[in-house]
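Read the structure below first, then the notes.
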Amino acid sequence: MSAFAVKAQQNLIIDEVIAVVGNKPILRSDLDKMIAQVDPELPVTEKMKCDLLKELIIEKMMLHQSEIDSLVVTDDDVNDRIDNNIRFIERNMRSGEKLEKYLGMSVAEYKKMIFPKVKNQILRQKMEQKLQSEIKITPKEVRDYYNKIPVDSLPFMSAEVEVAQIVFKPKYSREALEIAKEHITELRNRVLKGESFAKLAALHSEDPGSKKQGGMLPEFGRGDMVAEFERAAFLLKKDSISDIIETKFGFHVLYLVNRRGEKLLVRHILIRPRLIDSDLEMTKKTADSVLNLLKAGKMKFCDAVKMYSEDEETSPNCGFFTDPNIGSQRIPFDYLDRDMATYLSSMKEGEFSEPQIAYSADGSEYFRILYLKQEVKPHVANLDLDWQRIQSLAIDAKKVNVLDQWAEKKRKETYIFIKDSYLSCGFFNEWITKN
0 MSAFAVKAQQ NLIIDEVIAV VGNKPILRSD LDKMIAQVDP ELPVTEKMKC DLLKELIIEK
60 MMLHQSEIDS LVVTDDDVND RIDNNIRFIE RNMRSGEKLE KYLGMSVAEY KKMIFPKVKN
120 QILRQKMEQK LQSEIKITPK EVRDYYNKIP VDSLPFMSAE VEVAQIVFKP KYSREALEIA
180 KEHITELRNR VLKGESFAKL AALHSEDPGS KKQGGMLPEF GRGDMVAEFE RAAFLLKKDS
240 ISDIIETKFG FHVLYLVNRR GEKLLVRHIL IRPRLIDSDL EMTKKTADSV LNLLKAGKMK
300 FCDAVKMYSE DEETSPNCGF FTDPNIGSQR IPFDYLDRDM ATYLSSMKEG EFSEPQIAYS
360 ADGSEYFRIL YLKQEVKPHV ANLDLDWQRI QSLAIDAKKV NVLDQWAEKK RKETYIFIKD
420 SYLSCGFFNE WITKN
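Numbering (numbering that gives the first Met the number 0) for the sequence shown: 0 to 434.
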């Protein structure tokens with residue numbers, strides 16, 4: 000097969016097909032992009048290029064197989080992913096930057112350019128999930144995996160802690176609620192009189208995540224938002240304004256930008272009530288009384304969490320934090336926020352902290368009591384202390400092995416062409432389809 004090439008004015012090849020898998024070409028520019036993403040401190044060796052090309056070939060095999068298996072990725076699936084990517088870019092842009100200048104093209108051009116790549120990403124993920132869905136691992140396989148790791152290659156585990164919390168959120172005074180509601184009512188009236196919703200949101204909203212985007216929230220569906228907010232949003236028609244909505248976050252007014260099936264794109268303005276000193280003092284008084292009961296042994300920590308804690312993440316687990324990657328109750332010390340890490344460093348196992356003030360991601364204040372159950376010093380990984388982490392590594396290794404076995408079998412059933420200059424990698428001689 001002749002290689003397709005694009006020629007510059009000087010008649011130099013700037014791109015070409017270096018491999019074909021099924022009906023899917025791999026361009027030299029595809030490989031160059033992967034090489035560019037490698038750590039710049041690592042030398043780019045021939046072996047690295049061969050390994051990256053192999054990765055590209057396996058990816059194309061998976062995409063080819065996804066077509067054979069009729070895996071479905073809708074345009075809505077792709078557009079949802081792209082829109083979320085764009086909103087992520089917007090949230091991380093410097094204040095005052097223009098999105099289209101940052102992208103170097105219009106949003107429409109960017110979406111058109113990236114659409115095929117994102118669709119292929121989703122298809123590959125679906126194919127991987129299909130191939131790996133039945134993977135399970137036994138305790139013997141975990142031990143075998145660990146025992147095969149050379150002693151000098153065992154991972155070094157950083158310090159870890161088992162820590163729990165009880166969260167006490169202050170209750171707003173009636174006066175604070177009334178002032179906040181008056182403010183959001185005034186803003187809603189200004190929108191109804193013709194002022195820009197986006198501009199008012201940028202100036203007045205107290206939701207830091209959406210404020211810079213003129214109140215624009217990531218696209219969401221049913222079950223993604225708190226009930227009161229969701230209920231109001233799904234009652235809106237395009238370009239309409241909601242009544243004032245009260246949630247646990249404060250008072251909102253919503254503007255429906257677009258609806259696509261069961262997905263909504265909404266702007267909102269959030270006004271929070273203001274806490275006053277007496278609100279905080281009352282909350283701390285409650286936390287102090289709970290701490291006294293814990294220290295006196297008159298209340299178990301888990302019972303106190305059930306009765307008092309207002310943190311949705313930790314409350315279902317008796318207040319304990321968990322590592323989201325493996326579900327372990329022991330979490331690396333590095334995962335903790337700075338204030339918590341500083342406080343825990345002066346605590347002993349089994350101790351409770353004094354009620355300390357902390358801040359949510361949205362900036363709101365609350366009190367928390369910490370409980371340090373266990374601290375594990377830095378150490379070389381072992382099965383007694385690190386079973387869950389080693390189990391996770393063993394499962395990852397098994398997933399890779401399953402994909403390798405699938406690729407080894409599939410390459411014999413799939414048409415593969417590789418340009419002669421890349422056959423020096425050695426193993427590719429066995430991969431090409433012989434005429």
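In this text, a Cβ means the ideal position worked out from N, Cα and C, and glycines have one as well.
Starting from residue i and walking both ways along the beta strand (DSSP E), at which residues does that stretch end?
{"i": "G249", "result": "G249 to R259"}
{"i": "L235", "result": "Segment: none, L235 is in no beta strand (DSSP E) and carries neither H nor E."}
Where does the unbroken alpha helix (DSSP H) through residue i begin, and where does it stop?
{"i": "I34", "result": "R27 to A35"}
{"i": "D181", "result": "First, the amino acid is wrong: residue 181 is Glu here, not Asp. Note, E181: alpha helix (DSSP H), R173 to L191."}
{"i": "E245", "result": "Where E245 is concerned, there is no enclosing alpha helix (DSSP H), although the beta strand (DSSP E) it sits in stretches over I244 to T246."}
{"i": "L102", "result": "L98 to L102"}
{"i": "S288", "result": "D276 to K294"}
Would you decide whether residue i is buried or exposed? Buried here means 16 or more other CB atoms lie within 10 Å of its CB.
{"i": "V19", "result": "buried"}
{"i": "L202", "result": "exposed"}
{"i": "E58", "result": "buried"}
{"i": "E169", "result": "Note that residue 169 is Pro in the sequence shown here, rather than Glu. It is buried - the Cβ of P169 has at least 16 other Cβ atoms within 10 Å."}
{"i": "F250", "result": "buried"}
{"i": "F155", "result": "exposed"}
{"i": "D264", "result": "Strictly speaking, residue 264 in this sequence is Leu, with Asp absent from that position. Counting Cβ neighbours within 10 Å, L264 comes out buried, since at least 16 surround it."}
{"i": "D361", "result": "exposed"}
{"i": "D206", "result": "buried"}
{"i": "F366", "result": "buried"}
{"i": "S1", "result": "Annotation note: pLDDT 40 at S1 (below 50); position unreliable, no value reported."}
{"i": "P377", "result": "exposed"}
{"i": "M306", "result": "exposed"}
{"i": "Q164", "result": "buried"}
{"i": "I134", "result": "exposed"}
{"i": "G103", "result": "exposed"}
Among all the DSSP beta bridges, which residues are the ones paired with residue i?
{"i": "I134", "result": "Answer by DSSP bridge pairing: none, since I134 is not bridged."}
{"i": "M215", "result": "R266"}
{"i": "V160", "result": "I330 and E374"}
{"i": "F416", "result": "V19"}
{"i": "F155", "result": "V379"}
Is DSSP giving residue i helix, strand or coil here?
{"i": "E429", "result": "helix"}
{"i": "P24", "result": "strand"}
{"i": "V166", "result": "strand"}
{"i": "T44", "result": "coil"}
{"i": "A4", "result": "Caution is warranted here: a pLDDT of 42 is assigned to A4, below 50, making its placement in the model unreliable, and the coordinate value is therefore given only provisionally. Of the three classes helix, strand and coil, the one that applies to A4 here is strand, per DSSP."}
{"i": "E205", "result": "coil"}
{"i": "D223", "result": "coil"}
{"i": "N10", "result": "Low local confidence applies: a pLDDT of 46 at N10 is under 50, so the model's placement there is unreliable, and no value is given."}
{"i": "N91", "result": "coil"}
{"i": "K125", "result": "helix"}
{"i": "V141", "result": "helix"}
{"i": "S423", "result": "helix"}
{"i": "L55", "result": "helix"}
{"i": "E194", "result": "coil"}
{"i": "P39", "result": "coil"}
{"i": "I444", "result": "Examination of residue 444 is not possible in this model, given that the chain is present from 0 through 434 alone."}
{"i": "L70", "result": "coil"}
{"i": "I148", "result": "coil"}
{"i": "R273", "result": "coil"}
{"i": "S65", "result": "helix"}
{"i": "M112", "result": "helix"}
{"i": "M60", "result": "helix"}
{"i": "K210", "result": "helix"}
{"i": "K118", "result": "helix"}
Less than 6 Å between the CB of residue i and some heavy atom of the ligand ADP, yes or no?
{"i": "E229", "result": "Questions concerning the ligand ADP fall outside what the structure shown contains, since it holds no ligand whatsoever."}
Is the Cβ of residue i closer than 7 Å to any Cβ of chain D?
{"i": "S28", "result": "In summary, chain D is missing from the structure at hand, where a single protein chain is found."}
> Where are the beta strand (DSSP E) runs, 3 residues long or more, that stay fully inside the segment 302 to 361, in chain order?
Replying inline: 355 to 358
>> If we require 3 or more residues per run, which beta strand (DSSP E) segments fall completely within the segment 354 to 412?
In response: 355 to 358 and 364 to 375
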